[in-house]
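Colleague: The sequence shown begins at 6 in this note's numbering and counts up one residue at a time. Okay, here's the structure, questions in a sec.
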Amino acid sequence: MTVKTVLFDLDGTLTRSEEGITRSALYAAEKMGFTGHTQEEFKAFIGPPLFASFKEILGMTYEQAERATQLYRERFSVLGWQENEVYAGIPHVLRSLRKNGLRTAIVTAKPQMFAERIAKRFGLAPYLDAIVGPGPENREASKAGLVARGIERLGGPAVMVGDRKFDIEGGLANGAMTVGVTYGYGTEEELVAAGADAIAHTPEALLDILLPPDAPCARGLFLSMEGVDGCGKTTQREALVAHMKQLGWRVTTTREPGGDEVAEKIRRLVLDPVNTQMCDETEAYLYAASRAQNVRAFIRPALMRGEAVVCDRFVDSSIAYQGGGRQLGTQRVAAINETAVGGTLPDATVYLRMEPDKALSRRLSASEPDRLEREQESFFVRTYEAYEALYAADSTGRVLTVDASQPIGAVTQEMLEKVDARLGELAAAL
Ligand code: TYD
């Protein structure tokens, strides 16, 4: 059977949502006087409809379960829904399914409104054709009914992917193929006993099950970070990496100059303060050489695996520093780098914009300066101006300019909002 539609359960299949669910369920139970339970015990609440869990697992009456559901939602709607993360590898799976022309949807027992909010906040929405869940009044919606709605919306033949027996049963009731995933909250025994047609132990294993062996997978995402020395790039890079991981990306981080062992040797050579006699052309070629190595040793293989590569500096640094700072000319430096990178270019570049004098005062309070950092202030002014000219000319949408002179938290927020918007654009173009 050639599958055309893939329906995913949300909790335990696309997202690891235990934190928000168990904390909110514990909160509701305690408010109702059902005390003495641990957060761990509420893991059983993940998957089945909430109302039923309060009745069956905690032994509540209909009215109590109704009130508990209400209390749960109180906490969940403010805090719980954000205490969540996407399983590592999921964006790659969704992107690859779409690349092969399959339709995808979430089918969940969670109120549709929350599922939509989560899908948007955690970057899944751009890869989905539909999100199906119960409306606010529909407390006991069965998975079978929800799966039926999913198939009605997107057409068959369909496969239902989930981590609990409810998902498998719901799929089977609708004549869908079923795949159980064991990285969520159910066990392999539970899924096999429910009649799952196949089992996936990792998100990526879904691609082996759902796509033909020679199907092309989606390429990963290449993100670079730029800015003059002292702009706060290291701190923001860490925040960006953490964010991408929360969105389910497997992340490879690298820096330039640098990368593998060969590229790191070039780094030491080019940044060593003893090399005062190094001429500007040599410097430009060394940066390009380090980059050629990094592209082939690290960046391309990671992109082929569908990962997100976060690279601290890339070609634009050479254009700004050697082209502008060293006055070799931005066109010439761009030309040197063309063969070095061979068409491997970032999908998005975070540019942490900071005026050179402000960056200088930050640098002076930092650690021992390397060869580049010992340059005159005028060098950094030219570098800054080259960045500005380069990015003013960009019409691709790749450059995300962030005001780096704000307090750290505000810089992070602006950066992540812009990254999310760019990820949405890239998804639409997939
Ligand atoms: P690094 O210690 O990585 O600085 P930062 O943490 O500020 O990125 O050193 C990189 C130095 O090399 C930095 O001063 C910028 C410079 N550089 C260039 O001049 N050209 C380039 O192509 C690259 C990648 C870096």
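We put the CB at the ideal spot given by N, CA and C, even for glycine. None of the values given here were measured: they were computed from a predicted structure.
1. Quick check on DSSP: helix, strand or coil for F119?
2. Tell whether a beta-carbon distance below 8 Å holds between M230 and R367.
3. So the beta strand (DSSP E) V416 belongs to, where does it begin and stop?
4. With C-beta atoms as the reference, is G52 less than 8 Å away from D134?
5. Please report the residue range of the beta strand (DSSP E) in which Y77 lies.
6. Hey, could you find the ends of the beta strand (DSSP E) T40 is sitting in?
7. Which word fits E61, buried or exposed, when buried means at least 16 other C-beta atoms lie within 10 angstroms of its C-beta?
8. Is it a yes or a no for the region 10-29 touching the region 182-195, going by three-plus beta-carbon pairs under 8 Å?
9. Should L276 be listed as close to the ligand TYD, given that the test is whether its C-beta is under 7 Å from any heavy atom?
10. Hey, is Y292 close to the ligand TYD, as in C-beta under 7 Å from one of its heavy atoms?
11. Buried or exposed for L102, please, with buried defined as at least 16 other CB atoms from any protein chain shown within 10 angstroms of its CB.
12. Roughly how many whole angstroms lie between the Cα atoms of E121 and L308?
13. So which of L395, A364 and D285 has the shortest CA-CA distance to T335?
14. Taking 8 Å as the cut-off, does the region 80-100 touch the region 205-214 (at least 3 CB pairs, one atom from each stretch)?
15. Tell me where the alpha helix (DSSP H) around G155 begins and ends.
16. Hey, quick one: how far does the alpha helix (DSSP H) through A110 stretch, first residue to last?
17. Check this for me: beta carbons of A289 and S323, under 8 Å apart or not?
18. Have a look at G348 and V320 and give me their C-alpha separation to the nearest angstrom.
19. I'd like the span of the beta strand (DSSP E) that includes L405, first residue to last.
20. When you compare each of P351, R358 and V11 to Y132 by their alpha carbons, which one comes out closest?
21. If L421 sits next to Y356, beta carbons under 8 Å apart, how far is it from one beta carbon to the other, in whole angstroms?
22. Distance check for P54 and K104, CA to CA, integer angstroms please.
23. Reducing DSSP to helix, strand and coil, say where M165 ends up.
24. Less than 7 Å between the CB of Q327 and some heavy atom of the ligand TYD, yes or no?
25. With distances taken between CB atoms, is the gap from R387 to G330 smaller than 8 Å?
26. Any heavy atom of the ligand FAD inside 7 Å of the beta-carbon of P361?
27. Is it a yes or a no for the region 80-95 touching the region 27-40, going by three-plus beta-carbon pairs under 8 Å?
28. Cβ of E266 versus every heavy atom of the ligand TYD: is any distance shorter than 7 Å?
29. For L215, collect the residues of the same chain with a Cβ closer than 7 Å to its Cβ; drop the 5 residues on either side in sequence, then sort them by chain order.
30. Counting along the chain, where does the beta strand (DSSP E) carrying A437 start and finish?
31. Grab me the residues of K423's own chain with a C-beta within less than 7 Å of its C-beta, minus the 5 sequence neighbours each way, in chain order.
32. Where does T344 land, buried or exposed, given buried means 16+ other C-beta within 10 angstroms?
33. For S5, verify whether its CB is less than 7 Å away from any heavy atom of the ligand TYD.
34. Grouping DSSP H, G and I as helix and E and B as strand, with all else coil, what is A210?
35. From D362 to A415, what distance separates their C-alpha atoms?
36. Only counting the same chain, and skipping five residues up and downstream in sequence, which positions put a Cβ closer than 7 Å to that of V256?
Modeller: Result, derived from the coordinates:
1. helix
2. no
3. No beta strand (DSSP E) contains V416, which is instead part of the alpha helix (DSSP H) from I413 to A433.
4. no
5. That residue, Y77, is in no beta strand (DSSP E); its alpha helix (DSSP H) goes Y67 to V83.
6. First-last for T40: undefined, no H or E at that position.
7. exposed
8. Yes, the region 10-29 touches the region 182-195.
9. yes
10. yes
11. Taking every protein chain shown into account, the CB of L102 has 16 or more other CB atoms within 10 angstroms, so this residue is buried.
12. 29 Å
13. L395
14. yes
15. K148 to L159
16. Per DSSP, A110 belongs to no alpha helix (DSSP H); it is in the beta strand (DSSP E), R108 to V112.
17. For A289 and S323, yes; Cβs fall inside 8 Å.
18. 11 Å
19. V404 to D408 is the span of the beta strand (DSSP E), which, as asked, contains L405.
20. Residue V11 holds the alpha-carbon nearest to the alpha-carbon of Y132 among P351, R358 and V11.
21. About 15 Å; that fails the 8 Å criterion.
22. 33 Å
23. strand
24. yes
25. A distance below 8 Å separates the beta carbons of R387 and G330.
26. This structure does not include the ligand FAD; its bound ligands are the ligand TYD.
27. Segments in contact, yes.
28. no
29. V8, V11, L102 and V164
30. Residue 437 lies beyond the residue range present for the chain, which begins at 6 and ends at 435; the question has no answer from this structure.
31. L405 and V407
32. exposed
33. Outside the modelled stretch of the chain, which goes from 6 to 435, sits residue 5, for which no answer is possible.
34. helix
35. C-alpha separation (whole angstroms): 20 Å.
36. V246, M249, K250, E312, A313 and V315
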